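Residue numbering for the sequence shown is 32 to 758, as defined by the working numbering.
Beta carbons: idealized from backbone N, C-alpha and C, even for Gly.
Model, not experiment: these values are computed from the prediction.
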Amino acid sequence: MSARRSNRARVLAPTSDADLRQAVTAAQGALNAWLRDVIVGATGRSRPPRKKAAAELPSLLLAALDTGLGKTTMTARALARLVGEIRATGRPVVYLVDSYARMSELEAVFAAIEADGLYNAMGVAPLTTGRWTGLARGGCLRGDLIERVAALGQSASGLCTGRDAEGAPVTCRHAAQCPLRASRERLAERAPDVVFMVHRFARGDGGELPDALKRPLLTVLDERPLAQLVGIARLDRAVLLRPRSSRPEHADTEALRRRAAAAVDAALGCGDDPARALVRAFGDARSAQAACHALRAHCAPKPSFGPNATDEQILSAAKRQATGAAAEERRLWTLLQGRIARLERGDARHECLSVTLDGTHVELAWREGYTWAETPTLVLDATADLDEYDRHFGGTHDIQLLTPDRRLIGNQAVVWVHIGGLTKSSLIPQVDASDDERAKAAAMKALVADALASIDALMAPHLAEGQRLLAVGAKAVVQETLAEAFDGARWDCRWYGGQRGCDAHRTAAGVVLIGRPELPQSAYRAYARAWTHDLSELDAPRPGGNSFPYTTEPRALEMRDGATLTSRVSVRCDAWEALCQRQYRENEMLQALGRTRPLRREATSLAWIVGDVVPEGVVVDLVIRAEDLIALVPRAAADADTAAVHRTAQRPSAPTAIVDLSAVANEKARRAAAPARDNSPDRAACVVPFTAARRRWSAAALWEDGDAPADRGAAETRDEAAFSASK
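The structure is reproduced here in structure tokens:
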């Protein structure tokens, strides 16, 4: 186990249970050592007190350990062991999660550790936990009103405390009976050892938090929190240039708006900094900031309700607040005002602004500030990317990366069912799609449904009583394809991104990944700008990126038997857009694969990847085209053939056994009827085994007809060998 500044280093694959145990032991040791250094070091016991150097930054450890390794349990046990040192500092540990459901799971983990009594020696009381939640989740007595205000796109933060017309402080009339107020007061007076929050509290300056939670001993970020630290928005250019109000009392403000909008639009048109353009237009930075402040209020004034307002007054005020384009324009002036202030001060804070012109729209992209910028932070994210975290935390933390010396691939077998071009749009056509596009979508949908039905028939005989299968994909794709394939009685469905950290499916017999998750093109571009707009130099785009945002690159696919298959994967041309694509697409697929691969399970789980992308680093056991899988187990005969499948008392430990045991009486005839493949020596540089028939398929079989390279001669073979050796 080592801390590296790159998580692209090659790691060894474990070949035995002993290797897996060694990987777990090494990971636990490294994680415990870092936690002890941070926590015990904060007490001042490990070294004499000294003045902190000006250049010294708090550390941030990216625990990029494999999904299923038990990072959360390791962290919980380490905190329980160090509870005495935590209490000695008088400061809590803030633990951030992505959802309240995940928060409940973690509370159960900590409760189980407290119950076993392993770390309660020497008279130390067990570790205590608590929650810091928003109004609705915290039990506010006006919860229905809060939900109605939130549905209007407005915040209800002014309901608890405020000031009346004379400036005197006022509180909500339910304050005496409010359970949320009582719990927050208890947390402020004496915080528990570990306080759980959701990720959204990580952005901003923590203004609503009590002092005890603004200065914690340590913060733990479970799963990927970066979505809360990046903001993107789009504003119609026409909205910015046309008048917002024709009322006489707004004439002066409208004149100010026309002047500011013209300066911003001209700057965007020539690629200039709009903040600097506003300073030039108004003569100085102070006047430009005042103009932005006035335009913010003109677009969307702050809510006028307070704690003593009636429900009708609050809803009426919330409805009057601007939404849609006006809200985005308010965001524009807010960002420009902050940018001008930073230009005047000359500071280089990381929550910088990117405002660009894309055709008829103004695109906004920004990075939020991190609430605990001066606190050591532990990130538990199996798919953490060092470059991305460096853009968010590089200026505030000393980043270290913890990666495993062994890949945890020994307890999961992977089958790649190849379907070229499988995306959400290929299954669900647009409303204005042509008849030809609808016909292609129907054919693709039928192919995917038949492949899923074959997988269902192959897996059914090997399910223990009460055991289920997990399907993961885009929400619309899963709903469409599962409904067409089978009744779903044996299946649980999750959406990409919603399965992170979920332990509910750790005993599932297998997981099926349907297609690949993708974001709209504009989102990739906006996220990349949020990361890179303040960089002096950017990486050059890949070849072919000038006219089309996508290109293809070769990828070496490692097989379990040591063979290497090279396929071509569609990626974004821009390097930072490709990073965003990898974070959303492949890393979410890796997270989904890991849901059924925890180390504590005794049997090998089976994973099916249905589509044209296999995440980098996944070791594959079998590769088969969807048409060949359907020919092996035709959908029409799947139900009838299931009764003839040979059953065994022991669950198979590899997909080879499942495919072999799923042979039916007429399998030989079906194989004979399957279309023949070109196995000529010049097209078989990279081969993969298909164990049921013991045939060798050429790499060209993985491309759609007409898309395979024209010549796979000796030169390309050498290139593939060099590419494989470099990984």
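Where residue i sits in the DSSP three-state scheme
i, result
"S485", "helix"
"C524", "strand"
"R725", "With a pLDDT of only 23 at R725, under 50, the local geometry of the prediction cannot be trusted, and the value read off the model is given with reservation. Looking at R725 - three-state DSSP - the assignment turns out to be coil, as it is neither helix nor strand."
"W403", "coil"
"A94", "strand"
"D253", "strand"
"G193", "strand"
"L346", "helix"
"T341", "coil"
"W163", "coil"
"L395", "strand"
"H329", "helix"
"P210", "helix"
"P686", "Confidence at P686 is low in this model, with a pLDDT of 37, below 50, so its placement is unreliable and the value that follows should be read with caution. Note: P686 maps to helix in three-state DSSP."
"S277", "coil"
"I144", "helix"
"Q53", "helix"
Counted within 10 angstroms of its Cβ, other Cβ atoms place residue i as buried (16 or more) or exposed
i, result
"A297", "exposed"
"P585", "exposed"
"Q208", "exposed"
"R288", "buried"
"S598", "buried"
"H324", "exposed"
"S759", "Past the edges of the chain, shown from 32 to 758, lies residue 759, and the structure says nothing about it."
"L596", "buried"
"E343", "exposed"
"G60", "exposed"
"S457", "buried"
"Q622", "buried"
"R108", "buried"
Spatial neighbours of residue i in its chain, beta-carbon cut-off 6 Å, leaving aside the 5 residues before and after
i, result
"G115", "V155"
"V201", "G193, D195, P338 and N339"
"P279", "none"
"T583", "R599 and S601"
"Y581", "S601"
"W163", "V226 and M228"
"R591", "V650 and D652"
"A222", "P123 and A243"
Unbroken alpha helix (DSSP H) run spanning residue i, endpoints
i, result
"A505", "It is not in any alpha helix (DSSP H) - A505 carries neither H nor E in the DSSP assignment."
"I177", "G174 to A182"
"T563", "Q552 to T563"
"L244", "D242 to K245"
Bounding residues of the beta strand (DSSP E) (the contiguous stretch that carries residue i)
i, result
"A264", "V261 to D267"
"D429", "D429 to T434"
"S598", "T595 to R603"
"G541", "G541 to I545"
"A638", "S636 to G642"
"M228", "V225 to V229"
7 Å Cβ shell around residue i - same chain, five flanking residues per side excluded
i, result
"V270", "A356 and E360"
"A685", "Reliability fails at A685, whose pLDDT of 36 lies under 50, so the model's placement of it is uncertain and the value that follows must be treated cautiously. Same-chain partners within the cutoff: A444, T635 and D652."
Rounded straight-line distance, which links the Cα of residue j to that of residue i
i, j, result
"L20", "P551", "With the chain running from 32 to 758 in the structure shown, residue 20 is simply not present."
"G546", "L478", "12 Å"
"A348", "L190", "13 Å"
"D283", "S276", "11 Å"
"A264", "A662", "48 Å"
"E608", "A396", "14 Å"
"L248", "A258", "24 Å"
"E468", "A488", "30 Å"
"E216", "H205", "15 Å"
"Q612", "L62", "29 Å"
"F313", "Y558", "31 Å"
"G529", "S130", "10 Å"
"L453", "W447", "13 Å"
"T106", "A321", "48 Å"
"L501", "R521", "9 Å"
"G161", "D224", "8 Å"
"E178", "G642", "40 Å"
"H677", "H493", "Legend: pLDDT at H677 = 28, less than 50; position of this residue unreliable, value from coordinates given subsequently. Whole-angstrom Cα-Cα distance: 10 Å."
"A293", "D304", "13 Å"
"A606", "A554", "15 Å"
"A793", "R290", "The requested residue 793 does not occur in the structure, where the chain is confined to residues 32 to 758."
"L110", "R133", "18 Å"
Residues near residue i by beta carbon distance below 8 Å, same chain, minus five either side
i, result
"G235", "E399, G400 and T402"
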